[in-house]
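Peer 1: First residue of the sequence shown? That's 0 in numbering that gives the first Met the number 0, and the numbers climb one at a time after it. Provided herewith is a single structure, encoded as structure tokens, for subsequent inquiry.
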Amino acid sequence: MCNKAHLLFIDLDGFKPINDQLGHEAGDQALIEVARRLKCTVGKNDFIGRLGGDEFVVILTQTTDHEDALSMARTLISAISIPMHILSAKIPRTLGASIGIVAISPWQGTRTMILTAADHAMYRAKHLGKGQAQFGQLVAIA
């Protein structure tokens, strides 16, 4: 099978109440814990980055097909949704993730096009009820 890369655009579900109710220090600790869980879950050759706020990007470098990418997205959603202890308090199981997935290759699309397609797919996932993963497609601009 041919290896291809997939970009996963992750937006946390339920992050704002943590920040608003427990404060920014708790929000920062939640983001650090999410980053740790992402790192522990993806492969050693995969890339993890935080875009800002409660958005992360994961680039899966060794996926063989869409099913591999979808399986990893579901695994990440499960890992993120495990309750976490922050500031000595147990945060309710409301922290989750919605993920947009786009297959990428070096010769196809700009960074902006790829991120936009993944962002749109992520919002479709949120619209379907959060805690979901949806595929997006790059659209050629004429």
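In this text, a Cβ means the ideal position worked out from N, Cα and C, and glycines have one as well.
Go through the segment 29–110 residue by residue and report every complete run of the beta strand (DSSP E) that reaches 3 residues or more, in order.
Peer 2: 46–51, 54–62, 95–103
Peer 1: Out of Q131, M112, W106, which one is the CA nearest neighbour of G99?
Peer 2: Q131
Peer 1: Between which two residues does the alpha helix (DSSP H) holding I129 run?
Peer 2: In the sequence under discussion, the amino acid at residue 129 is Lys, which differs from the Ile named in the question. Taken as a continuous stretch (DSSP letters only), K129 belongs to no alpha helix (DSSP H), as it is neither H nor E.
Peer 1: Going straight from the alpha carbon of A141 to that of M121, what length do you get?
Peer 2: Per-residue confidence for A141 stands at a pLDDT of 48, beneath the threshold of 50, marking its modelled position as unreliable; no derived number is given.
Peer 1: Say whether the segment 10–22 touches the segment 102–110, bearing in mind that this needs 3 or more beta-carbon pairs closer than 8 Å, one atom from each stretch.
Peer 2: Not touching, per the Cβ criterion.
Peer 1: Hey, quick one: how far does the beta strand (DSSP E) through L11 stretch, first residue to last?
Peer 2: 3–12
Peer 1: With a threshold of 16 other CB atoms inside 10 Å of the CB of I31, please say whether the residue is buried or exposed.
Peer 2: exposed
Peer 1: Below 8 Å on the Cβ atoms is my guess for H23 versus T62; work out the distance and round it to an integer in Å.
Peer 2: Wrong, their Cβ atoms sit about 35 Å apart, outside the cutoff.
Peer 1: If you measure between the beta carbons of A96 and D12, is that distance less than 8 Å?
Peer 2: yes
Peer 1: Is the distance from the Cβ of D53 to the Cβ of D118 below 8 Å?
Peer 2: no
Peer 1: DSSP on Q136, reduced to helix/strand/coil?
Peer 2: coil
Peer 1: Do you know how far the Cα of P105 is from the Cα of T40?
Peer 2: 24 Å
Peer 1: Rounded to whole angstroms, what's the CA-CA distance from L94 to G26? Just pull it up for me.
Peer 2: 11 Å
Peer 1: Rounded to whole angstroms, what is the Cα-Cα separation between G42 and G128?
Peer 2: 28 Å
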